[in-house]
Ligand code: SF4
Ligand code: MG
């Protein structure tokens, strides 16, 4: 069985020292080992942004995709090889701005993949512009007078879109994040994990200390039931979206693959998936 070290490769991340994305990478590697995967059983597909580099830093199949399009690619990978564990990843700009249409529909489609968003509430790769996750009043070079737009709530949107697994974590909390990724991989359906992952270079407001002061860990509520969708929505709103832990899980709904008629064993048995030799020569 592979250890987390076997999910490392020899590519040195070029994230800034202190960037939250380092811990997200380590958590994925640990979770993959903890659930018993081998590197060739995992595919990591990423979008564009600092966080998008993560697919190149993990010893697994990796694809650094295009902006906002990690999820269409990841869904294609999963449909082509349903034996693979597929993780899609990217930033808040990638997944909640240009990619939001894909995010909402991937959630309601409920393919068995895990989507990890590194949410730093800013565009880091392009040197610090306001993102859909930036707070109202947030000043950057794109909003010098302060943002006048409402901050998008990915957890509320995910629940409204019919998500079957919604979690949130903080990149400083390796233990919680690793456990949530393990639970997400084991969940039979689409899993969203939004991770507060500070950008130490461009976001001087939402810092590690700021998150430590503002995060509300679900451990504080021992009676909380993640199977209750209404309670989940209420708790998200009560905590202004700062909740961390497993917020919602529906274990009753089947995944897309388990429902699609074309993927039933009897349908697959009728399909001839081998390419004629002449077609191979053209590839
Ligand atoms: Fe991380 Fe920000 Fe540096 Fe990008 S710019 S690597 S998000 S700290
Ligand atoms: Mg970002």
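Numbering (the numbering used here), first residue to last: 1 to 283. Every residue gets a Cβ at the ideal spot worked out from N, C-alpha and C, and that includes glycine. Bear in mind that the values here come from a model prediction, so they are computed numbers and not experimental data.
Cut-off 6 Å between Cβ atoms - residues of its own chain near residue i, not counting five sequence neighbours on either side
i: residue 107; result: 158, 161, 163, 190
i: residue 169; result: 176, 177, 180, 195, 244
i: residue 239; result: 216
i: residue 287; result: Shown here, the chain extends from 1 to 283; a query on residue 287 therefore has no answer.
i: residue 61; result: 43
Counted within 10 angstroms of its Cβ, other Cβ atoms place residue i as buried (16 or more) or exposed
i: residue 33; result: buried
i: residue 155; result: buried
i: residue 21; result: buried
i: residue 272; result: exposed
i: residue 209; result: exposed
i: residue 235; result: buried
i: residue 186; result: exposed
i: residue 294; result: Since the displayed the chain opens at 1 and closes at 283, residue 294 lies outside it and no answer follows.
i: residue 105; result: exposed
i: residue 228; result: exposed
i: residue 167; result: buried
i: residue 362; result: An answer regarding residue 362 cannot be provided, because it is not within the stretch 1 to 283 covered by the chain.
Whole-Å CB distance - residue i paired with residue j, under 8 Å assumed
i: residue 109; j: residue 59; result: Contact doesn't hold; Cβ gap of about 29 Å is too wide.
i: residue 146; j: residue 138; result: 6 Å
i: residue 51; j: residue 90; result: 6 Å
i: residue 246; j: residue 226; result: 5 Å
i: residue 116; j: residue 230; result: That pair is no contact at about 26 Å.
i: residue 74; j: residue 97; result: In fact, because the Cβ distance is near 18 Å, the residues do not count as touching under 8 Å.
i: residue 114; j: residue 184; result: 4 Å
Residue j beta carbon less than 8 Å from that of residue i
i: residue 29; j: residue 13; result: no
i: residue 94; j: residue 68; result: yes
i: residue 16; j: residue 216; result: no
i: residue 153; j: residue 171; result: no
i: residue 31; j: residue 84; result: no
i: residue 86; j: residue 57; result: no
i: residue 71; j: residue 99; result: yes
i: residue 47; j: residue 65; result: yes
i: residue 23; j: residue 218; result: no
Sequence-distant residues of the same chain with beta carbon closer than 7 Å to residue i, five excluded per side
i: residue 255; result: 110, 111, 112, 188, 189
i: residue 202; result: 122, 124, 127, 128
Residue i beta carbon near the ligand COA (any heavy atom closer than 7 Å)
i: residue 206; result: In the structure on display, the ligand COA does not appear, and the ligands it does have are the ligand SF4 and the ligand MG.
Cβ shell of residue i (< 8 Å), same chain only, five flanking positions each side left out
i: residue 211; result: 170, 172, 196, 198
i: residue 182; result: 31, 34, 35
i: residue 136; result: 146, 147, 148, 149, 150, 151
Item to complete: Give me every residue whose Cβ sits closer than 5 Å to any heavy atom of the ligand SF4, in chain order.
Response: 15, 16, 19, 50, 124, 199, 200, 201
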